[in-house]
Amino acid sequence: MSQTSPTDLFRGIEQQVWARAKRGPAPVDKWNPDFCGDIDMRIARDGVWYYMGSPIGRMAMAQMFASVLRRDTDNKYYLVTPVEKIGITVDDAPFVAIEMKVENKGRGQILSFRTNVDDWVTVDAAHPLRVTLKPETQEPSPYVLVRGRLEALINRAVFYDLVELCVDEPVNGTDMFGVWSSNIFYPFMPSDQVGRASCVK
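Under our numbering, the first residue of the sequence shown carries the number 83, and numbering increases by one thereafter.
Here you go:
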């Protein structure tokens, strides 16, 4: 493993990422550089990026790092360039969905979400929705796949709006509570459990 200090790793990857600025997400899935170690960078559950305990306040900086973020099959998160791969910590999902757009109605309804780094993603076969429930509280955590293995946690206010669009549909003989987008039904939970799930009422 490289003996380069975490600060030098950060500066090195920062320079490489700035060189790609305004080109959109990088083709990180095509890159396979050597692992250079971990740095003290964290994405909190609310989507705020931190470096060495201090928040990264500039949107452009967060967008820059988000453009080279990758989640590998080990379920760990990395910043990846053609020559470096460094590990970071993600508390939950790396992005947060903060706005929802709805087009059409019924099965032809199309849902799109804007993330905290200003990316839009449309819910479809390549970008599905899912909901997990905490066993002890039954509190739902809803997610949308943004790209690769990277998801956005849908924030509570937006999730309330999403729940208003939910309907009951039979899935394999069980009535399920969920939502339609791009002609696909995304079941969240059995309909008879809706009243027991915290904030889904």
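In this text, a Cβ means the ideal position worked out from N, Cα and C, and glycines have one as well.
Bear in mind the structure is a predicted one, so any value in this text is a computation, not a measurement.
Do you know whose CA, among the options, lies nearest residue i's CA?
| i | options | result |
| --- | --- | --- |
| I192 | V205, D201, E181 and V199 | V205 |
| L232 | D122, V150, G119 and T219 | V150 |
| A179 | L235, D274, S263 and P252 | L235 |
| V240 | T256, S273, K183 and D200 | K183 |
| S263 | A208, E221 and T256 | A208 |
| T155 | D243, M258 and G230 | G230 |
Return the CA-CA distance between residue i and residue j, expressed in angstroms with no decimal places.
| i | j | result |
| --- | --- | --- |
| S223 | A142 | 27 Å |
| F267 | E185 | 15 Å |
| I125 | F117 | 20 Å |
Measure the Cβ-Cβ separation of residue i and residue j and say whether it is below 7 Å.
| i | j | result |
| --- | --- | --- |
| V226 | L247 | no |
| P115 | V165 | yes |
| Y159 | I168 | no |
Mapping the DSSP letters down to three states, classify residue i as helix, strand or coil.
| i | result |
| --- | --- |
| A239 | helix |
| R231 | coil |
| D274 | helix |
| R140 | coil |
| A179 | strand |
| V165 | coil |
| G190 | helix |
Any beta carbon from chain D within less than 7 Å of residue i's own beta carbon?
| i | result |
| --- | --- |
| D201 | No chain D is part of this structure, which consists of one protein chain only. |
My assumption, with CB atoms under 8 Å, is that residue i sits in contact with residue j. Please give the rounded CB distance.
| i | j | result |
| --- | --- | --- |
| F270 | V213 | 4 Å |
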